[in-house]
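J.: I have a structure here, written as structure tokens, and I will follow up with some questions on it.
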Amino acid sequence: MDLYGSTTSPFVRRTRLLATANLNNALTFHDIDIFDAKGRELLTYHNPTLKVPFVVDGDQHIYDSRVVFRYLTEKFELEPLTWQQENQLTLIDAASDSLVEILLLMRSGIDPSQDGLFFNLQRERLTKLFAVLEQQVEQGLYARWNYPAICLYCLVDWALFRELVDFAPYPQLIGFHQQHDSREDVKLTDPRS
């Protein structure tokens, strides 16, 4: 079974960490650059959403990290998510999506600090999302190193890596990040390496 994606994607990293923690590395990871011709061709052939990650398992092509998780959960009989955990992932994914959009705009030469509807909505959304995630960490909802915790770690670490969020107002999130930063699997998947 093959996992395709970029080492810098937080969505890819969460799948890689899941595979390390729960699947005895049953996925073979292929690092692709989706912005060069060869990587773009591979991405276009396997995944019409033109996003990473995607998994190829024989004739099956599985798109999106959330769907990949569900597929792997069924295939390897992992513990399914509770509805509370599904909601946690929705918060994490919403924050991740907003930050990815902001990064893409920045790389396109557009200043995300401007006063405009899209930017104002993203800032409002991110402020609310990180406040709720901060509360959830404080309540112990990410105490176990499971898929929601992996996803939260990947979000926070990626936001720090890309310098997209000032985490000073979120000491619980910083503490959570520091708690897991020295894990061997986290070090092996660090996008900075």
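Take the sequence shown: its letter number 93 is residue 115 in the working numbering, and every next letter is one higher. Don't be surprised by glycine CBs; every beta carbon is placed ideally from N, CA and C.
Are the segment 147-159 and the segment 186-205 in contact at 8 Å, needing three or more beta carbon pairs?
T.: Cβ pair count under 8 Å is three or more, so yes.
J.: Excluding sequence positions up to five away, which residues of its chain have a Cβ less than 8 Å from the Cβ of L40?
T.: Counting from one through the sequence shown, the residue named residue 40 turns up at place 18. F91, L94, Y169 and I172.
J.: Could you check whether the segment 62-69 touches the segment 94-114, counting it as contact only if at least three pairs of C-beta atoms, one from each stretch, sit closer than 8 Å?
T.: No: fewer than three Cβ pairs fall under 8 Å.
J.: Using the Cα positions of V89 and S120, report the straight-line distance between them to the nearest angstrom.
T.: Position 67 of the sequence shown holds residue 89. Position 98 of the sequence shown holds residue 120. Their backbone Cα atoms lie some 19 Å apart in a straight line.
J.: Cα separation between I132 and T149?
T.: Working through the sequence shown from its first residue, we reach residue 132 at position 110. Working through the sequence shown from its first residue, we reach residue 149 at position 127. Using only the alpha carbons, I get a separation of about 21 Å.
J.: Could you give the distance in angstroms between the alpha-carbon of A116 and the alpha-carbon of D81?
T.: Locating residue 116 in the sequence shown gives position 94, where the first residue counts as 1. Locating residue 81 in the sequence shown gives position 59, where the first residue counts as 1. Cα to Cα, the separation comes out at about 30 Å.
J.: Going by alpha carbons, who is nearest to V34 out of L125, K60, E185 and S118?
T.: Sequence index remark: in the sequence shown, residue 34 carries index 12 (1-based). If we check each option's Cα against that of V34, S118 comes out closest.
J.: Assuming the contact rule is C-beta atoms closer than 8 Å, D79 and H52 should be a hit. Round their C-beta distance to whole Å, please.
T.: Stepping through the sequence shown from its first residue, residue 79 is reached at position 57. Stepping through the sequence shown from its first residue, residue 52 is reached at position 30. Going by Cβ atoms, the distance from D79 to H52 rounds to 13 Å, so no, they are not a contact pair.
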